[in-house]
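As structure tokens, the structure follows; a few thoughts come after it.
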């Protein structure tokens, strides 16, 4: 759902997996976590919250949760030990090859290995994944990826559908691609996006 | 379907000093209305089907109702007290339930995090026990003996003080706050939140104030209150679900939320459910 480097320590971002709204955050020590994007206290989005040390806090009342999603502190009652019932539902989040992967259901297998590749960028396309696959002239494979050649370079486009018939593409290129080649791939991606979006507007 | 008990309540729909003969179109509980004034300047509110709605001109605002109000508009005695400055703050449209807007106004625990260094600041986050009651004789929710440390409680406050508060809910979308008045110990500043329900998940908020403050320019008073409310809006538009859950289970209150618990209970008891969610989703 994101490139590892786009979620540095002490940052929280909103995302979607299978239509479920999630807050993905990285602790000071580098641990990644993905939770329901909702504080159980008053329903505020946790993706608006803030990270301190190994905890994520809600921006509304500062309730803070540890890496397991358990409430650790309620600032309005500093002496209260929060009951264990106050917890944020979590989902599995792992990192490999510079990509953050999230599974809303318990995953039966680890994410695909992407050795020899380097994460280039993410971009959002105002079109469903099927339209992008059609434009790329290939089906989405069992890894949830498209593997086109862009600017003559082999690429992997990891496909993340998000609500509103939109799609986020997380793009990797061969790790030996030069900066100039990476820039060319980036431009080719923009061309692909414009093509898909204009076909959609025309239709 | 529009909620019947709430249909018979009074709602703010405009500022008295800003009325025009042509009027302004707006929404009240999903129904299109026009808010205008006649040749003498008296407010006139009409519905889309041509019927003329009841009006009251009070507290700087025009009040109307889509139904047949069984109660007169609530009283704010301080509005007529000599020496107070009456401030029409303006309007802020918020994509949230009108009931969530009121509940947020009743909450103090968020001050250090949402109104940081103004109405609250860490480490002064503790909410002391206070008293909440539904005053049966007037059928209002009241919270009293509320205390909170504030770095800049009001435009007229020079430094940090512990502020005393009282909260009052006289109608489902109205909250009145009484707070320590820095220049006039012994008196209370009055700050209200008048909420116009446009839809179950859309409202217009008309804050209004009756203050003892002869010093601060009117513009600064308005800017201060608008800044506070815009900070609140960033919360209100990001709460899930959009409607206020009245049944337990969806959200977890603590002791600091006693006012909100009483407010939700009072809403449910009266069937004031426009903008509410009754069954945990």
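Residue numbers (this note's numbering), protein chains in the order written: chain C, 35 to 237; chain B, 6 to 286. Glycine included, C-beta positions come from ideal geometry on N, C-alpha and C.
Contacts that residue i makes with chain B (C-beta to C-beta distance below 8 Å)
i, result
"residue 93 of chain C", "118, 119, 240"
"residue 111 of chain C", "131, 132, 259, 260, 261"
"residue 120 of chain C", "257"
Classification of residue i by the beta-carbon crowding that lies within 10 angstroms, buried from 16 upward
i, result
"residue 233 of chain C", "exposed"
"residue 206 of chain C", "buried"
"residue 6 of chain B", "In this prediction, residue 6 of chain B scores a pLDDT of 47, lower than 50, which makes its location untrustworthy; no coordinate-derived value is stated."
"residue 48 of chain B", "buried"
"residue 175 of chain B", "buried"
"residue 228 of chain B", "exposed"
"residue 200 of chain B", "buried"
"residue 184 of chain B", "buried"
"residue 205 of chain B", "buried"
"residue 179 of chain B", "buried"
"residue 5 of chain C", "It is not possible to answer for residue 5 of chain C, since the shown part of chain C is limited to 35 through 237."
"residue 89 of chain C", "buried"
"residue 117 of chain B", "buried"
"residue 40 of chain B", "buried"
"residue 141 of chain C", "exposed"
"residue 204 of chain C", "buried"
Cβ neighbours of residue i in the same chain (closer than 6 Å, five flanking residues each side left out)
i, result
"residue 57 of chain B", "51"
"residue 124 of chain C", "69, 103"
"residue 317 of chain B", "Here chain B has residues from 6 to 286 only, and residue 317 of chain B is not among them."
"residue 154 of chain B", "129, 167"
"residue 190 of chain B", "none"
"residue 215 of chain C", "187"
"residue 25 of chain B", "none"
"residue 269 of chain B", "251"
"residue 61 of chain B", "68, 78"
"residue 137 of chain B", "148, 263, 264, 267"
"residue 87 of chain C", "62"
Proximal residues of chain C, C-beta to C-beta of residue i below 9 Å
i, result
"residue 270 of chain B", "In chain order: nothing, as chain C lies at least about 16 Å away."
Chain-order list of residues whose beta-carbon lies under 8 Å from that of residue i (same chain, five-residue window excluded)
i, result
"residue 81 of chain B", "64, 181, 195, 197, 215"
"residue 89 of chain B", "83, 195, 215, 216, 217"
"residue 152 of chain C", "132, 206, 207, 208, 209, 211"
"residue 45 of chain C", "59, 60, 85"
"residue 39 of chain C", "132, 153"
"residue 152 of chain B", "133, 135, 167, 168, 169, 170"
"residue 240 of chain C", "Chain C is shown only over 35 to 237; residue 240 of chain C falls outside these bounds and no answer can be derived."
Where residue i meets chain C, residues with beta-carbon distance less than 8 Å
i, result
"residue 236 of chain B", "Within chain C, no residue comes near residue 236 of chain B; the closest Cβ sits about 10 Å away, beyond 8 Å."
"residue 246 of chain B", "77"
"residue 243 of chain B", "78, 79, 82"
Cβ neighbours of residue i in the same chain (closer than 7 Å, five flanking residues each side left out)
i, result
"residue 105 of chain B", "241, 244, 249"
"residue 197 of chain C", "50, 53"
"residue 186 of chain B", "192, 193, 194, 217"
"residue 237 of chain B", "109, 119"
"residue 114 of chain C", "108"
"residue 99 of chain C", "89, 90, 105, 106, 122"
"residue 43 of chain B", "49"
"residue 13 of chain B", "70, 72, 73, 74, 75"
"residue 64 of chain C", "43"
"residue 261 of chain B", "114, 132"
"residue 98 of chain B", "209"
Interface partners of residue i on chain B, CB under 9 Å
i, result
"residue 96 of chain C", "114, 115, 117, 118, 127, 130"
Contacts that residue i makes with chain B (C-beta to C-beta distance below 7 Å)
i, result
"residue 108 of chain C", "259"
Exercise. Using a beta-carbon distance cut-off of less than 9 Å, what residues from the segment 129-161 of chain B approach chain C?
Worked result: Under the 9 Å Cβ criterion, the segment 129-161 of chain B contributes 130, 131, 132.
Exercise. Considering only residues of the segment 60-114 of chain C, which uninterrupted beta strand (DSSP E) runs meet the minimum length of 3 residues and lie entirely inside it, listed in chain order?
Worked result: Listed in chain order, they are 66-70, 84-86, 89-91, 105-107.
Problem set entry | Positions along the segment 248-259 of chain B whose CB lies within less than 7 Å of some CB in chain C | Within the segment 248-259 of chain B, those residues whose Cβ lies closer than 7 Å to any Cβ of chain C are, in chain order, 256, 257, 259.
For this session: Any chance you could list the beta strand (DSSP E) runs of at least 3 consecutive residues sitting entirely within the segment 167-201 of chain C, in chain order?
Result: Whole beta strand (DSSP E) segments, 3+ residues: 187-196.
Exercise. For the segment 49-82 of chain C, which residues have a CB atom closer than 7 Å to at least one CB atom of chain B, in sequence order?
Worked result: Within the segment 49-82 of chain C, the residues whose Cβ lies closer than 7 Å to some Cβ of chain B are 72, 74, 75, 76, 77, 78, 79, 82, listed in chain order.
Problem set entry | Residues of the segment 33-54 of chain B with Cβ closer than 7 Å to any Cβ of chain C, in chain order | In summary, no residue of the segment 33-54 of chain B has a CB separated from any CB of chain C by less than 7 Å.
For this session: Would you mind listing the beta strand (DSSP E) stretches within the segment 115-148 of chain B that are 3+ residues and don't spill past its ends, in chain order?
Result: Complete beta strand (DSSP E) runs here, min 3: 136-140.
For this session: Write down every uninterrupted run of the alpha helix (DSSP H) in the segment 44-121 of chain B whose length is 4 residues or greater and which is fully enclosed by it, in chain order.
Result: Entirely contained in the segment 44-121 of chain B, the alpha helix (DSSP H) runs reaching 4 residues are, in chain order, 103-110, 116-119.
Exercise. Taking the runs of the beta strand (DSSP E) that are 3 residues or longer, which of them lie wholly in the segment 162-240 of chain B?
Worked result: Counting only runs of at least 3 residues, the segment 162-240 of chain B fully encloses the following beta strand (DSSP E) elements, listed from N- to C-terminal order: 166-176, 179-185, 193-204, 207-216.
Exercise. Could you give the uninterrupted runs of the alpha helix (DSSP H) lying entirely in the segment 235-275 of chain B, keeping only those of 4 residues or more?
Worked result: List check, alpha helix (DSSP H) in window: 263-275.
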